[in-house]
Amino acid sequence: MKKLAIDGPAGAGKSTIAKILSKKMGFMYVDTGAMYRTLGLACLQAGIDLEDEAAVSEVCTKAPIVIKYIDGVQKMYLDGVDVSETIRTEQVSSAASTTSKFQKVRERLVKMQRDLSEEYDVVMDGRDIGTQVLPNADLKIYLTASVQVRAERRYKEYMEKGQECNLEEIMEDIAARDHQDMTREISPLCKAEDAIEVDTSNMDIDEVVETIAGLWK
Ligand code: DC
Numbered sequence: 523m524k525k526l527a528i529d530g531p532a533g534a535g536k537s538t539i540a541k542i543l544s545k546k547m548g549f550m551y552v553d554t555g556a557m558y559r560t561l562g563l564a565c566l567q568a569g570i571d572l573e574d575e576a577a578v579s580e581v582c583t584k585a586p587i588v589i590k591y592i593d594g595v596q597k598m599y600l601d602g603v604d605v606s607e608t609i610r611t612e613q614v615s616s617a618a619s620t621t622s623k624f625q626k627v628r629e630r631l632v633k634m635q636r637d638l639s640e641e642y643d644v645v646m647d648g649r650d651i652g653t654q655v656l657p658n659a660d661l662k663i664y665l666t667a668s669v670q671v672r673a674e675r676r677y678k679e680y681m682e683k684g685q686e687c688n689l690e691e692i693m694e695d696i697a698a699r700d701h702q703d704m705t706r707e708i709s710p711l712c713k714a715e716d717a718i719e720v721d722t723s724n725m726d727i728d729e730v731v732e733t734i735a736g737l738w739k
């Protein structure tokens with residue numbers, strides 16, 4: 523099976539780019555952030571302290587999560603409920619960043635991710651795909667952009683969805699999340715040695731897609 527791994531910080535454009543590329547290539551798009559967000563949501567719903575490793579591990583190993591592909595689109599279910607939209611908030615994203623640092627949480631999701639990659643050709647995006655999940659990926663991309671540009675992109679996304687937001691706060695959240703994701707002990711966000719870095723700060727979507735498609739060839 524073929525594997526394209528895309529890692530990078532929040533808001534670098536991973537999911538937008540991975541979705542377009544997966545369609546172009548006829549591969550399955552696996553959004554691993556959505557999996558961590560679903561477990562983050564499970565912890566929020568359980569009302570536990572997100573820093574309590576034992577409690578988070580207990581909830582996350584048992585949470586009835588299911589991943590489905592409907593018309594090629596990944597949907598996340600928690601306890602039978604489609605939470606694919608519910609997980610797209612700053613609150614859930616921040617919870618996921620906190621709960622994803624624990625071993626048990628990662629073990630469960632990494633297994634699901636590897637299983638998918640053994641069954642399908644995949645474009646998989648996340649934080650540790652090139653370093654941990656798919657160390658033998660055919661191509662590894664590390665997508666980055668400045669904090670300012672990433673915050674502006676998130677701001678635009680939220681505005682388009684009609685969600686109230688503040689650019690300064692988003693910038694602070696992104697910087698805090700970068701720090702949390704890059705400094706955690708287990709599988710921190712970092713560029714794999716053999717990954718190719720693509721800085722998208724001054725590129726539009728088409729340029730990024732063309733660049734990566736060219737590298738894939
Ligand atoms: O990509 P995202 O913003 O949906 O990810 C949400 C959080 O999940 C992110 O802050 C860190 C965590 N995550 C992770 O630890 N490993 C991954 N492969 C993907 C996401």
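Heads up, the sequence shown is in my numbering, so the first residue is 523 and it goes up one at a time. No residue lacks a Cβ here, since even glycine has one placed at the ideal position from N, Cα and C.
Boundaries cannot be given for GLY594, as no alpha helix (DSSP H) includes it and DSSP labels it neither H nor E. Per DSSP, the beta-bridge partners of THR666 are ASP721.
Scanning LEU600, GLN613 and ALA576 for the CA closest to the CA of ILE587 turns up LEU600.
Contact annotation: ARG630 and VAL655 have beta-carbon atoms that are not nearer than 8 Å. For ASP637, the uninterrupted alpha helix (DSSP H) segment begins and ends at 625-641. Collapsing the DSSP output to three states places ASP726 in coil. Taking C-beta atoms as the reference points, ARG676 and VAL614 fail to come closer than 8 Å.
By the Cβ neighbour-count rule, GLY652 is buried, with 16 or more other Cβ atoms within 10 Å of its own. Annotated three-state conformation of MET693 is helix, per DSSP. Every alpha helix (DSSP H) of 4 residues or more that sits fully in the segment 538-578 is shown, in chain order, as 554-568. Between LYS525 and ILE609, the alpha-carbon positions lie close to 26 Å from each other.
Between the segment 697-706 and the segment 637-647, the count of C-beta pairs closer than 8 Å stays below three; the two stretches do not touch. Counted as a single uninterrupted DSSP element, the beta strand (DSSP E) harbouring VAL645 occupies residues 644-648.
Nearest C-alpha to ALA532 among ARG672, LEU572 and LEU566: ARG672.
By the neighbour-count definition (other C-beta atoms within 10 Å, threshold 16), GLY535 is a buried residue. Beta-carbon to beta-carbon, ILE663 and ALA717 are separated by about 6 Å, close enough to satisfy the 8 Å threshold. Taken atom to atom, the span from the alpha-carbon of GLY684 to that of LYS597 is near 22 Å.
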